[in-house]
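A.B. asks: Below is a structure I'd like to ask you about.
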Amino acid sequence: MRHDYRMSEVDMAGGGAPVLRGHFLYNEPMKKHVSWRAGGTAQRVYIPADLEDLTWLVRSVAAHDDIHMIGLGSNLLVRDGGVKGVVILLHGVLRKLAIESRTHGFPPAPEGIDTALVYAQAGVASPKLARFAANHDLVGGEFWAGIPGTVGGAIAMNAGCYGSETWDKLVQVQTLDRDGQLNERLPDEYVTGYRHVALKLPHQEWFIGGWFRLARGDGTASRETIKALLKKRIASQPLAQPNAGSVFRNPPGDYAARLIEACGLKGFRIGGAQVSTRHANFIVNVDHATATDIERLIEQVEDTVEARTNVRLIREVRIIGERQ
Numbered sequence: 159m160r161h162d163y164r165m166s167e168v169d170m171a172g173g174g175a176p177v178l179r180g181h182f183l184y185n186e187p188m189k190k191h192v193s194w195r196a197g198g199t200a201q202r203v204y205i206p207a208d209l210e211d212l213t214w215l216v217r218s219v220a221a222h223d224d225i226h227m228i229g230l231g232s233n234l235l236v237r238d239g240g241v242k243g244v245v246i247l248l249h250g251v252l253r254k255l256a257i258e259s260r261t262h263g264f265p266p267a268p269e270g271i272d273t274a275l276v277y278a279q280a281g282v283a284s285p286k287l288a289r290f291a292a293n294h295d296l297v298g299g300e301f302w303a304g305i306p307g308t309v310g311g312a313i314a315m316n317a318g319c320y321g322s323e324t325w326d327k328l329v330q331v332q333t334l335d336r337d338g339q340l341n342e343r344l345p346d347e348y349v350t351g352y353r354h355v356a357l358k359l360p361h362q363e364w365f366i367g368g369w370f371r372l373a374r375g376d377g378t379a380s381r382e383t384i385k386a387l388l389k390k391r392i393a394s395q396p397l398a399q400p401n402a403g404s405v406f407r408n409p410p411g412d413y414a415a416r417l418i419e420a421c422g423l424k425g426f427r428i429g430g431a432q433v434s435t436r437h438a439n440f441i442v443n444v445d446h447a448t449a450t451d452i453e454r455l456i457e458q459v460e461d462t463v464e465a466r467t468n469v470r471l472i473r474e475v476r477i478i479g480e481r482q
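Heads up: the sequence shown runs through residues 159 to 482, numbered per our numbering.
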């Protein structure tokens, strides 16, 4: 059963700690919060009031409880057995998006190039960041229009498309650690690669925002590029059906979609989940798919492609929770 209420001072703020101002949900169906529209429930979901409230929530969570922060849930599957711990929804909360007025504390801009810094919090949708940049005559961020998620997710996985990646533009990130402390870190504190980001230190931290350096240029041309990218995306991807974007990373020198299609898996179905007939690297929910249907189909694709091509595809989507 789903419960929905605001925590009281008695519930959460013993010992004089600040009262949490956000919104708690219990036994919340996660299919409402992930783009696949499938999956189990979350034991606890928290919607913070703002960044300060989020820091206090993290401090209040017991050390043995897992914390999962999600944005639009566009690359996430929650297993049918549900997820324990606390799920924190950032989209619509951490939504600050602005031209950075500070000039100190950041790596220097490349010589001879007129640039500006854009600060975006984790809950901002990636396409919104692309449009914001173009509307301020900043170029180079058009590719974010093709990423179906939030800035936090784009930073966490080094999301990219059409030849560009998020960390190509990042000059500094803001993180929140398990103690509820905010940190600012530089790119050289991370190991980054294709759809991969890892902090060099053994700390658990979440991305709260980032500063992106973009060149000044022709905003009108940038907006036209965004329109063209969106038109291409609409034509090539199954956007009318629930999906999680690309399921697998492209292997070196090849494309996951090509391998999947070459193995005859385009249109292959398990339960209500199907390999898209439009784009083979997408799995779509065509008929009330369960998370189990989707995960079994992912595993079937992995096994079939490996057996026939000797290439083991690496997942781009994240799966959390308990099997039913």
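Quick reminder that beta carbons are idealized off the backbone N, C-alpha and C, glycines included.
With a Cβ-Cβ cutoff of 7 Å, do G229 and G304 count as a contact?
C.D. replies: Stepping through the sequence shown from its first residue, residue 229 is reached at position 71. Stepping through the sequence shown from its first residue, residue 304 is reached at position 146. Contact: no.
A.B. asks: Three-state secondary structure (DSSP) at Q279?
C.D. replies: If you number the sequence shown from 1, residue 279 lands on position 121. In this structure, Q279 counts as strand in the three-state DSSP scheme.
A.B. asks: Look at the Cβ atom of R237, then the Cβ atom of E480, and state whether they are nearer than 7 Å.
C.D. replies: For the purposes of this step, residue 237 is identified with residue 79 of the sequence shown, where counting begins at 1. For the purposes of this step, residue 480 is identified with residue 322 of the sequence shown, where counting begins at 1. Yes, the Cβ-Cβ distance between R237 and E480 is below 7 Å.
A.B. asks: Any idea if Q279 is buried or exposed, counting beta-carbon neighbours within 10 angstroms, 16 or more meaning buried?
C.D. replies: Taking the sequence shown and counting its residues from 1, one reaches residue 279 at position 121. Q279 is buried by the Cβ-count criterion.
A.B. asks: So, is P285 buried or exposed, given that buried needs 16 or more other C-beta atoms within 10 angstroms?
C.D. replies: Within the sequence shown, the letter at position 127 stands for residue 285. The residue in question, P285, is buried, as its Cβ has 16 or more Cβ neighbours within 10 Å.
A.B. asks: Rank I384, Q399, K189, G411 by C-alpha distance to the C-alpha of H437 and give the top, closest one.
C.D. replies: Along the sequence shown, one-based indexing puts residue 437 at 279. Taking only the C-alpha atoms, the option nearest H437 is Q399.
A.B. asks: Do you know offhand how far I472's Cα is from V177's?
C.D. replies: On the sequence shown, position 314 is the one that residue 472 refers to. On the sequence shown, position 19 is the one that residue 177 refers to. Those two C-alpha atoms are separated by around 43 Å.
A.B. asks: Go to Q458, then tell me how far its alpha helix (DSSP H) extends in each direction, as first and last residue.
C.D. replies: Here residue 458 refers to the residue found at position 300 when the sequence shown is read from its first residue. Start and end: 449-467.
A.B. asks: From H161 to D326, what distance separates their C-alpha atoms?
C.D. replies: Indexing the sequence shown from 1 puts residue 161 at position 3. Indexing the sequence shown from 1 puts residue 326 at position 168. For H161, the predicted model reports a pLDDT of 35, less than 50, meaning its position is unreliable and no value from the coordinates is stated.
A.B. asks: Helix or strand or just coil, what does DSSP make of S404?
C.D. replies: Within the sequence shown, residue 404 is the residue found at index 246, counting from 1. Here S404 sits in coil by DSSP.
A.B. asks: Hey, would you say I257 sits closer than 7 Å to A274, going by beta carbons?
C.D. replies: Locating residue 257 in the sequence shown gives position 99, where the first residue counts as 1. Locating residue 274 in the sequence shown gives position 116, where the first residue counts as 1. Against a cut-off of 7 Å, the Cβ pair of A274 and I257 comes out as a contact.
A.B. asks: Quick one, are the C-beta atoms of Y204 and V244 less than 7 Å apart?
C.D. replies: For the purposes of this step, residue 204 is taken as the residue at position 46 of the sequence shown. For the purposes of this step, residue 244 is taken as the residue at position 86 of the sequence shown. Against a cut-off of 7 Å, the Cβ pair of V244 and Y204 comes out as a contact.
A.B. asks: Over the uninterrupted alpha helix (DSSP H) stretch that includes L423, give me the two end residues.
C.D. replies: As a first step, residue 423 must be located in the sequence shown, where it is residue number 265. That residue, L423, is in no alpha helix (DSSP H); it is neither H nor E in DSSP.
A.B. asks: I'd like to confirm the pairing. Which residues does DSSP put opposite M315 in its beta bridges?
C.D. replies: The residue labelled residue 315 in the question sits at position 157 within the sequence shown. Paired residues: none, contrary to the question.
A.B. asks: Does V245 come out as helix, strand or coil in the three-state DSSP assignment?
C.D. replies: Residue mapping note: residue 245 aligns to position 87 of the sequence shown, counting from 1. DSSP places V245 in strand when its eight states are reduced to three.
A.B. asks: Taking Cβ positions, are G338 and V216 nearer each other than 7 Å?
C.D. replies: Translated into positions along the sequence shown, residue 338 becomes position 180. Translated into positions along the sequence shown, residue 216 becomes position 58. Yes, these two residues count as a Cβ contact at 7 Å.
A.B. asks: Note down, in chain order, each residue of its chain lying with its Cβ closer than 6 Å to the Cβ of Q432, except the 5 sequence neighbours on either side.
C.D. replies: Sequence index remark: in the sequence shown, residue 432 carries index 274 (1-based). Result list for Q432: V442, V444, in chain order.
A.B. asks: Grab the span of the beta strand (DSSP E) containing L183 for me, first residue to last.
C.D. replies: Position 25 of the sequence shown, counted from the first residue, corresponds to residue 183. Element bounds for L183: 181-187.
A.B. asks: Below 8 Å, how does it come out for the segment 355-373 and the segment 410-420: are there three or more Cβ pairs, yes or no?
C.D. replies: With the cut-off at 8 Å, the segment 355-373 and the segment 410-420 do not touch.
A.B. asks: Which one or two residues does DSSP pair with T435 in a beta bridge?
C.D. replies: On the sequence shown, residue 435 is found 277 positions in, with the first residue counted as 1. Answer is none; T435 lacks a bridge partner.
A.B. asks: To which residues does DSSP link V442 through a beta bridge?
C.D. replies: Here residue 442 corresponds to residue number 284 of the sequence shown, with the count starting at 1. For V442, which the question treats as bridged, DSSP gives the partners N401, Q432.
A.B. asks: Any idea what DSSP makes of W131, helix, strand or coil?
C.D. replies: Any answer about residue 131 is impossible in this case: the structure gives the chain only from 159 up to 482.
A.B. asks: Report yes if the C-beta distance between G403 and S232 is below 7 Å; otherwise report no.
C.D. replies: Indexing the sequence shown from 1 puts residue 403 at position 245. Indexing the sequence shown from 1 puts residue 232 at position 74. Cβ distance < 7 Å, so G403 and S232 count as in contact.
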